[in-house]
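>
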Amino acid sequence: MTLSNSLRKRIGLLAAPFLTIAAGGLLLSCEDKTPTVGGALASGEVQIALDSLTWNGTDQTIHRGEQQKTVFCPKISYVTIFNDSVDTRSTSNLIGRISVPEYGDLNCSFVSRLMCTTTLDIPDSISKKPERIDSMKLVLTVPRGALTGDSLAPQQLRVFELTKSLPNDIDNRFDPTGYYDPANPLGTRSYTLSALGMSDSLYSTRRYVDIEIPMSREMALKTVEAYTNQATKDIFAWPQTFEKYFHGIYVEPSFGRGCVANIALTNFLIYYHYYAMESTQDAEGKPVETLTTKVGCTGVFASSPIVLSSNNVIYRPSENLKAMAAENQALITTPGGYQIKFKFPGKELVDIYNTNQSKLAVVSSLKFQIPVEEIQNDYGLAPCPYLLMIKSSKLKEFLASNSLPDDKESFYAKYDKKKKRYDFESMRDYILGLIQKGINEDDLDMTIIPVNLEFETNQQTNYNPWYGTSSSSGQQYLTKCTPYIAGPTMCRLKMDEAQTIFTYSLQQMR
Numbered sequence: 018m019t020l021s022n023s024l025r026k027r028i029g030l031l032a033a034p035f036l037t038i039a040a041g042g043l044l045l046s047c048e049d050k051t052p053t054v055g056g057a058l059a060s061g062e063v064q065i066a067l068d069s070l071t072w073n074g075t076d077q078t079i080h081r082g083e084q085q086k087t088v089f090c091p092k093i094s095y096v097t098i099f100n101d102s103v104d105t106r107s108t109s110n111l112i113g114r115i116s117v118p119e120y121g122d123l124n125c126s127f128v129s130r131l132m133c134t135t136t137l138d139i140p141d142s143i144s145k146k147p148e149r150i151d152s153m154k155l156v157l158t159v160p161r162g163a164l165t166g167d168s169l170a171p172q173q174l175r176v177f178e179l180t181k182s183l184p185n186d187i188d189n190r191f192d193p194t195g196y197y198d199p200a201n202p203l204g205t206r207s208y209t210l211s212a213l214g215m216s217d218s219l220y221s222t223r224r225y226v227d228i229e230i231p232m233s234r235e236m237a238l239k240t241v242e243a244y245t246n247q248a249t250k251d252i253f254a255w256p257q258t259f260e261k262y263f264h265g266i267y268v269e270p271s272f273g274r275g276c277v278a279n280i281a282l283t284n285f286l287i288y289y290h291y292y293a294m295e296s297t298q299d300a301e302g303k304p305v306e307t308l309t310t311k312v313g314c315t316g317v318f319a320s321s322p323i324v325l326s327s328n329n330v331i332y333r334p335s336e337n338l339k340a341m342a343a344e345n346q347a348l349i350t351t352p353g354g355y356q357i358k359f360k361f362p363g364k365e366l367v368d369i370y371n372t373n374q375s376k377l378a379v380v381s382s383l384k385f386q387i388p389v390e391e392i393q394n395d396y397g398l399a400p401c402p403y404l405l406m407i408k409s410s411k412l413k414e415f416l417a418s419n420s421l422p423d424d425k426e427s428f429y430a431k432y433d434k435k436k437k438r439y440d441f442e443s444m445r446d447y448i449l450g451l452i453q454k455g456i457n458e459d460d461l462d463m464t465i466i467p468v469n470l471e472f473e474t475n476q477q478t479n480y481n482p483w484y485g486t487s488s489s490s491g492q493q494y495l496t497k498c499t500p501y502i503a504g505p506t507m508c509r510l511k512m513d514e515a516q517t518i519f520t521y522s523l524q525q526m527r
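In terms of the numbering used here, the sequence shown is residues 18 to 527.
Structure below.
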């Protein structure tokens, strides 16, 4: 253990000293330029102290000038748990199977209600002629790169129409048995997610790959009839009425292993043909009118954020991960699987803060940093992009109400690939609450889960009339926080090396 010596300096009216407590092996140094915190200070002799402390599970001594204070700073207490229930309602869907020796086996299917168009975008002259309706397709759109595994692996999927309404309280353990007729699929398709069939120029401009599943022509005719029939067309006016007409779809992998794709859009298209006159020229340059056949298509049903869609995820961790979890190594996996519960060392931080005999102490910041060990594998599985840390008692309510981290009871951290760690940086309000209101055990019991965050940027343009120049700036706003189910990820959190950095200004008068 290394402890820094206290620094003393006599100054006049202006001073903004800092005391920093670093937990988990961090040694801090005093910077040349220390920002002023707390405004002007009263005159007098001011002591500036810089302390650092390694928490290694034994009694440690805090040095502050000639004073010494012994406090017990235990290792962070945590437990790795396997959660087989995950809220997998999402606007994107996973399909496929994958087996990774270091990660385990993942089997993904999905169920989804659909949003309908309010009116059929087909000319009346065509919709009233069934012979002009050619076919129907279900198109599953995969953004470029939104897959895990081998894009060349042959896959097959089947699509079924749901025979009754989905329950609203759905999660990854949902069993679709009884909600569809396994003997009557709407369509089947074998596919790969490679772009080998595309020219290089086309592939370079495509940002997605489509999986097209042919539907029956009878389904297309039935859909057009329902849209144009006076007795049934009102069912397309609202999602609630349409759900009674078409409950949704169930999509399952029926063959193949080695690739899991993230479906960004599910869209039913109807194709039709019509005739049009085209003007051309003959060999002598005279205009010639030719009747040609053209093909049109229109979307009728599609996935949407405002209708229910959920992934059915079965994840079986590898023997390697099971052994690590049995040793209580801190694991994080997705979709579903391992997460962490631990006791945040808030009481120790507040005790250290309260031992200071200052006349003025202004809290500046609290940070919590967790180093990460990336688990090596041949499939490119990396740590989850974001983690949520939240009071364990608030987790269920947080997810059910689609809440956002508030920096008081819940916090998020982005994975830093270069530093290989997660930094929870905005915890000032949390520690202030512990100092001002006192500490309950509920305040210290935390859960860490992987999440997906969505942001929006508010762009502003500033014009300088003096120089005739303009500049733009933008501020990011967090708009959504949901459990991370976009694909398989894994990592080990080095909780024994986690660091808390508690900073506050300090004035001691004599």
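We treat Cβ as the ideally placed atom computed from N, Cα and C, and that holds for glycine. What you are looking at is a predicted structure, and each value in this text was computed from that prediction instead of being measured.
Write down the C-beta distance between N279 and A430 rounded to the nearest angstrom, noting that I regard them as a contact closer than 8 Å.
The pair is not a contact, with the Cβ atoms about 23 Å apart (cut-off 8 Å).
> So, does the segment 231 to 250 touch the segment 141 to 161, judging by three or more C-beta pairs under 8 Å?
Segments in contact, yes.
> Looking at V176: is its Cβ nearer than 8 Å to the Cβ of V268?
Yes, the Cβ-Cβ distance between V176 and V268 is below 8 Å.
> Thinking just about the alpha-carbon of each residue, which of L286, Q298, K92 is nearest to the one in A237?
The shortest Cα separation from A237 among L286, Q298, K92 belongs to L286.
> If you run the structure through DSSP and keep just helix, strand and coil, what is A278?
A278: strand per DSSP, three-state reduction.
> Which residue marks the beginning of the alpha helix (DSSP H) containing E178, and which one marks its end?
E178 -> not in any alpha helix (DSSP H); beta strand (DSSP E) instead, spanning 172 to 178.
> Which of the three DSSP states, helix, strand or coil, is assigned to K384?
Strand.
> Helix, strand or coil for K6? Go by DSSP, reduced to three states.
Here the chain has residues from 18 to 527 only, and residue 6 is not among them.
> Taking V14 as the reference, which of V367, Y370, C276 has the closest Cα?
What is shown of the chain runs 18 to 527, which leaves residue 14 out entirely.
> From the DSSP secondary-structure annotation, give me the bridge partner or partners of H290.
DSSP output for H290 lists V312 as bridge partner(s).
> Suppose the cutoff is 6 Å on Cβ atoms and the five residues either side in sequence are ignored; what does the same chain contact list for R130 look like?
Closer than 6 Å at Cβ, skipping near neighbours: E260, G265, V324, L325.
> I need the DSSP call for P400, collapsed to helix, strand or coil.
Three-state result, P400: coil.
> Kindly indicate which residue of A417, T134, K411, P304 has the alpha-carbon position closest to the one of Q257.
The shortest C-alpha separation from Q257 is found at T134.
> Quick test of your reading: S168 and L210, contact by CB under 8 Å. State the CB separation rounded to the nearest angstrom.
That belief holds up - the Cβ atoms of S168 and L210 are roughly 4 Å apart, short of 8 Å.
> Between the alpha carbons of S109 and I150, how many angstroms are there, rounded?
Distance between the alpha carbons of S109 and I150: 30 Å.
> Determine, for L111, whether the minimum Cβ-Cβ distance to residues of chain D falls below 8 Å.
Among the protein chains of the structure shown there is no chain D, as only one such chain exists.
> Should M297 and T283 be called a contact, given that it needs their Cβ atoms to be closer than 8 Å?
Looking at the sequence itself, residue 297 is Thr, so the reference to Met does not match. Not closer than 8 Å, so no.
> My understanding is that K425 touches G450, with C-beta atoms under 8 Å, so please give their C-beta distance in whole angstroms.
Right, their Cβ atoms sit about 7 Å apart.
> Quick check on E391: does DSSP put it in helix, strand or coil?
It is coil, neither helix nor strand.
> Would you mind listing the alpha helix (DSSP H) stretches within the segment 122 to 182 that are 4+ residues and don't spill past its ends, in chain order?
Fully enclosed alpha helix (DSSP H) runs of 4 or longer: 141 to 144.
> What do you get for N475, buried or exposed, if any count of 16 or more other CB atoms within 10 angstroms of its CB means buried?
N475 is exposed by the Cβ-count criterion.
> For T258, does the three-state DSSP call read helix, strand or coil?
Of the three classes helix, strand and coil, the one that applies to T258 here is helix, per DSSP.
> Nearest by alpha-carbon distance to R234: which of V305, N189, K154, K181 is it?
For R234, the nearest C-alpha among the options comes from K154.
> I'd like to check one pair, T97 with N345: are the Cβ atoms closer than 8 Å?
Cβ distance < 8 Å, so N345 and T97 count as in contact.
> Where does G302 land, buried or exposed, given buried means 16+ other C-beta within 10 angstroms?
Exposed, since its Cβ has fewer than 16 Cβ neighbours within 10 Å.
> Going by other Cβ atoms of all chains shown within 10 Å of its Cβ, with 16 needed for buried, is P362 buried or exposed?
So P362 counts as buried.
> Counting along the chain, where does the alpha helix (DSSP H) carrying T105 start and finish?
Unbroken run through T105: none, as it is neither H nor E.
> Which residue marks the beginning of the alpha helix (DSSP H) containing M236, and which one marks its end?
Segment 234 to 245, the alpha helix (DSSP H) holding M236.
> Whole angstroms are fine: how far does the CA of L183 sit from the CA of I331?
Distance between the alpha carbons of I331 and L183 is about 19 Å.
> Nearest-angstrom Cα distance between I448 and S418?
If you take the alpha carbons of I448 and S418, they lie about 25 Å apart.
> Just the Cα atoms here: how many angstroms apart are C125 and S94?
Cα-Cα distance, rounded: 34 Å.
> Which residues in the same chain have their Cβ closer than 8 Å to the Cβ of V389, if we skip the five residues on either side of it in sequence?
So the list reads P400, Y432, K437, R438, Y439, C508, R509, L510, K511, once near-sequence residues are dropped.
> Count the other C-beta atoms from every protein chain shown that fall within 10 angstroms of the C-beta of E365, then say buried if there are 16 or more, exposed otherwise.
Buried, since its Cβ has 16 or more Cβ neighbours within 10 Å.
> How about Q173 and G113: are their beta carbons less than 8 Å apart?
No, these two residues do not count as a Cβ contact at 8 Å.
> Tell me whether the beta-carbon of L421 lies closer than 8 Å to the beta-carbon of I466.
Their beta carbons are not under 8 Å apart, which means L421 does not touch I466 by this criterion.
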